[in-house]
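Here's the structure we're looking at; comments come further down.
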Amino acid sequence: MDGNKGWRLDFDPEKVVHVNIFDFTKGKGLGKAVKKSFFLIVLNKSLKNFKAIK
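Residue numbers (the working numbering): 1376 to 1429.
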């Protein structure tokens, strides 16, 4: 990651586990930045383990 493009794995109690992808190579203004979020399907047992290590 160079700060302009990258991704991160996040956990949110409402959104659960998801990946955020961003691309600011054309700037951060309206219509320039690319931001996407993908939700991951996690089994209940795995989710409990993920919460325990956060």
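A virtual CB, placed ideally from N, CA and C, is assigned to each residue, including glycine. Quick caveat, the model's predicted, so the values are computed rather than measured.
- With contacts defined as CB atoms closer than 8 Å, I1396 and K1411 qualify as a contacting pair.
- If you draw a straight line from the Cα of F1414 to the Cα of K1380, it comes to about 19 Å.
- Nearest neighbour of I1416 by Cα position, chosen from D1385, L1384, V1391, turns out to be V1391.
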